[in-house]
Amino acid sequence: MVGGRSAAWWLAGALGLVSTHALAESYRLAFSKSENIEIFVEHAAGTPWCAPHLSLRAVHGGKPDTAALARLLPKLGALLNSQCPKATALDWVSTAADGQAVAKGTSSRADLWALRIAPATAVPPVAAAAPTPAPVPAPAPAPAPAPPSPPEPLPSPPPAPIAVPAPAPTPAPAPAPVAAPAPMPEPAATPAPVVTPVLADFDIGGWKPGDGSRTGPLAEALTEMKDQNGCRVLTRIDARTDMKFIALKSADMTCGADGYGSGPGRLTLERSDGVPIARTGQLWFSGGIPFTQAVKATRLVAADKQNTLWFHLASDVDTRTHFLLRARATSYGGIGVWQIDPQIDALTDQADRFRQAEAIRPAVDAALLALDSADVSRASRANLVFSSDFERGTAAGDANHLLYAISVWRGRDRRSKDWGPWQYNLQQANNYLFQRDARLARQKQMEEQRAEQQRQYAEQREAQRLRMEQARRVAEQRRNLQTYQQLVDEATRDPQRLRSRLESDLAYQPLSGGTYAALVAGGKRKIQRIVRVDGSDGGDAEVDWPYAMRLTGKGDLASGWYRVDGEVTVDAKRRDDEGLPLTLLSAQTVMPCKKEGCADLLDPLAVTRMTLGQPEWTPEAAQADLQRRE
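Okay, so the sequence shown: first residue is 11 according to our numbering, each after it adds one.
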């Protein structure tokens, strides 16, 4: 749906505002059922009600409530934006149902139609202005020959200059000053109750507009210089420019009461020898800051590392929204200026408003009111960007913190050349919320797919491991059965050959000494032997067969036959019965034997169990396991 007039009519319906025609001199603009307030536009007979400056009369149906009118006026601004785009300011009078005046004040588009109340002393003149037309016909019937009549009108007019007594009709000018509602524009010129600071007193994600003081990052983004007249300008000069011999000069620029440049003008950087090194085109100054086009932006609240500036335009407590105008840094030959594209950056924490069209339209319309308050008169297009985080969304443009973005446009009237209302199309917007939802849904789907792939891969690896384990166990059982069968065959041919399966000892070679020589040199070797323990030697078991040795740490072994295996060394300081270095065995396993010489171990099954390291192994169980696995 295209915005503009149709969007404003929709907004009026949503607010309960109904616009109809009324009397010739009073135009019934709207009626708010929720606030119980009827709005009339007072205008001269025979003239259109729509004008740049409007006079509104607000009639309270119930008890007069100025706060209710304050809530209604900003919403009424959207209706005026559609039905009377030329309206930029208004004065208002609120009355009770019986017509008695309650309060009066002003409002303007620049303030987003915020309600401003005139001082209470300004209300009586409005009431006094009503009866003044009654004395006007009085001078007409006054008889001319009656001399007392002239003194009566003399004290009636308040101004002293009307003290000329000659003409009797001189009292006629008295109604003229009363009838001319000069006080009406006066409240607009005295905007005492500034609404913006109050509205801005809330933070979004820990950020809120500052007080406009140029400190910290704002001071770093701007360099203050003075022109030939001492007027201050806030700009940026190319770091490569040596400012020792450089002066800033301005042309056509007005210096405001605050000492900062304002209005149209141009800048020149001039070297001390009179040579200009940089010159700008026509600029517009606001608060000393040079812009490429006319703009109302004075409250600087933020800057980034790219020297982009943000100016606070308005804030809305009800929707918790700050409206900022973005200014992009550019330069004229080294003189920093700021370009208004324009773009309104709206910061809010009410993200769900941008999920429904009926909530999006009021948000966009409010941003358009903020855009109009900046008075970017040359702009035909603009961008509105809503975010939930200033640093990461507004400044950095991170899509995870952006909410909504839309372009708006407007055209000029062919005859009057006045700008028409802003228009937009919600179907051409960029809704980051739904994009983020879709992105998160895709990420979740991808994560689920990855998890499913990993699960399947884990299942495949486990299945492969089980197959490999199955194959290993089958091969192992076959080898074990082959070993057992081989031992059975050996026992049948030569029972003593089984002993060689149970023992492995040191080897001695006459020339090299073999492994025994390595022991004498301090080495270690592993052996398996059938030994006989016949006593103890301190904490060691004493062995006398097959040769003298000590089983270290086994002094509690009973005398008898054992099969042992472990690591053997020799003690050169201790000697055996043959005068050789004493052999020491650090046994890892000690298996007692039941028969002399461990004859009970000389059995194919026993040897197989010891060889395999499986004391409970049987060929029957191995065969059954093999059949089950195959």
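Every residue, glycine too, gets a C-beta built ideally from N, C-alpha and C.
Tell me whether residue i counts as near the ligand PLP, meaning its Cβ is closer than 7 Å to at least one heavy atom of that ligand.
{"i": "G430", "result": "Summarising the ligand content, the structure contains no ligands, and the ligand PLP is consequently not present."}
Ignore the nearest five residues each way along the sequence and tell me which others in residue i's own chain have a CB closer than 6 Å to its CB.
{"i": "I299", "result": "L244"}
{"i": "P191", "result": "Residue placement at P191 is flagged as unreliable, the pLDDT there being 42, under the threshold of 50; a coordinate-derived value is accordingly withheld."}
{"i": "L335", "result": "A307, F321, L323 and A384"}
{"i": "G623", "result": "none"}
{"i": "W627", "result": "R619"}
{"i": "A132", "result": "Residue placement at A132 is flagged as unreliable, the pLDDT there being 42, under the threshold of 50; the coordinate-derived value follows with that caveat. Closer than 6 Å at Cβ, skipping near neighbours: no residue."}
{"i": "P157", "result": "Since pLDDT at P157 reaches only 40, below the 50 mark, its modelled position is unreliable, and no value is offered."}
{"i": "T599", "result": "D575"}
{"i": "A501", "result": "L508 and P614"}
{"i": "L594", "result": "R560, T562, T579 and D581"}
With a threshold of 8 Å on Cβ separation, who are the neighbours of residue i within its own chain once the five nearest residues in sequence on each side are excluded?
{"i": "D635", "result": "R483 and Q487"}
{"i": "Q470", "result": "none"}
{"i": "V617", "result": "L497, L508, R511, L512 and L611"}
{"i": "T318", "result": "R336, A337, R338, A339 and A405"}
{"i": "A531", "result": "none"}
{"i": "F212", "result": "K218, S325, V327 and R330"}
{"i": "S260", "result": "D237, Q238, N239, C241, V243, G271, G275, R276, L277 and T278"}
Which stretch, first to last residue, makes up the beta strand (DSSP E) that contains residue i?
{"i": "L381", "result": "From DSSP, L381 is part of no beta strand (DSSP E) but of the alpha helix (DSSP H) over A367 to A384."}
{"i": "R67", "result": "H63 to H70"}
{"i": "R289", "result": "P286 to R289"}
{"i": "S42", "result": "S36 to S42"}
{"i": "L590", "result": "Unbroken run through L590: none, as it is neither H nor E."}
{"i": "R560", "result": "M559 to L561"}
{"i": "W294", "result": "L293 to S296"}
{"i": "V305", "result": "Careful: V305 lies outside any beta strand (DSSP E) and carries neither H nor E."}
{"i": "F50", "result": "I47 to E52"}
Could you tell me which of the options sits nearest to residue i, measuring between CA atoms?
{"i": "R638", "options": "A481, P84 and T98", "result": "A481"}
{"i": "D613", "options": "V578, T493 and D587", "result": "T493"}
{"i": "N410", "options": "F444, S417, D121 and T290", "result": "F444"}
{"i": "I416", "options": "E630, S397, R465 and R422", "result": "S397"}
{"i": "L413", "options": "D382, A356 and Q438", "result": "A356"}
{"i": "K315", "options": "R246, G297, F255 and F364", "result": "R246"}
{"i": "P74", "options": "A106, R126 and F301", "result": "A106"}
{"i": "V285", "options": "F255, L293, G273 and A501", "result": "F255"}
{"i": "E52", "options": "S42, K43 and L64", "result": "L64"}
{"i": "L86", "options": "G216, A376, A632 and P62", "result": "A376"}
{"i": "A54", "options": "Y37, I47, E48 and A68", "result": "Y37"}
{"i": "V578", "options": "T562, L567 and D587", "result": "T562"}
{"i": "D382", "options": "W429, D362 and D359", "result": "W429"}
{"i": "R281", "options": "N91, P505 and L258", "result": "L258"}
{"i": "M235", "options": "D213, G297 and A380", "result": "G297"}
{"i": "W348", "options": "L450, E401, L232 and A528", "result": "L232"}
{"i": "D252", "options": "D237, G273, M263 and I287", "result": "I287"}
{"i": "A389", "options": "V418, R402 and V374", "result": "V418"}
{"i": "A367", "options": "F400, L594, Q464 and Q438", "result": "Q438"}
{"i": "K604", "options": "R542, S546 and N440", "result": "R542"}
{"i": "S117", "options": "P129, Q110 and T98", "result": "T98"}
{"i": "L529", "options": "D581, P505 and G216", "result": "D581"}
{"i": "T76", "options": "P62, A124, C60 and T302", "result": "A124"}
{"i": "L491", "options": "A631, E230 and I370", "result": "A631"}
{"i": "W102", "options": "G72, F50 and P591", "result": "F50"}
How is the alpha helix (DSSP H) around residue i delimited, first residue to last?
{"i": "L90", "result": "T76 to Q93"}
{"i": "L615", "result": "P614 to L622"}
{"i": "Y467", "result": "Y442 to R503"}
{"i": "Q637", "result": "P629 to R639"}
Take residue i and list the residues in its own chain whose beta-carbon comes closer than 7 Å to its own, dropping the five residues that flank it on each side.
{"i": "L228", "result": "L310 and A313"}
{"i": "C608", "result": "I540, W571 and R573"}
{"i": "C265", "result": "N239, C241 and G271"}
{"i": "R81", "result": "E45"}
{"i": "T621", "result": "T493 and R511"}
{"i": "K564", "result": "D550, A551, A597 and V600"}
{"i": "L90", "result": "A97"}
{"i": "R489", "result": "none"}
Checking the sheet assignment: what are the DSSP bridge partners for residue i?
{"i": "Q353", "result": "R336 and N393"}
{"i": "D550", "result": "D547"}
{"i": "T105", "result": "V69 and A111"}
{"i": "Y434", "result": "V418"}
{"i": "D326", "result": "T331"}
{"i": "Q538", "result": "S514 and D575"}
{"i": "L319", "result": "A313 and A337"}
{"i": "A361", "result": "DSSP output for A361 lists no bridge partner at all."}
{"i": "V530", "result": "None; V530 has no bridge partner."}
{"i": "L412", "result": "S397"}
Using a Cβ-Cβ distance cut-off of 8 Å, determine whether residue i contacts chain B.
{"i": "I127", "result": "Among the protein chains of the structure shown there is no chain B, as only one such chain exists."}
For this session: Could I get the ranges of all uninterrupted alpha helix (DSSP H) runs contained in the segment 219 to 276, with 4 residues as the minimum, in chain order?
Result: 227 to 231
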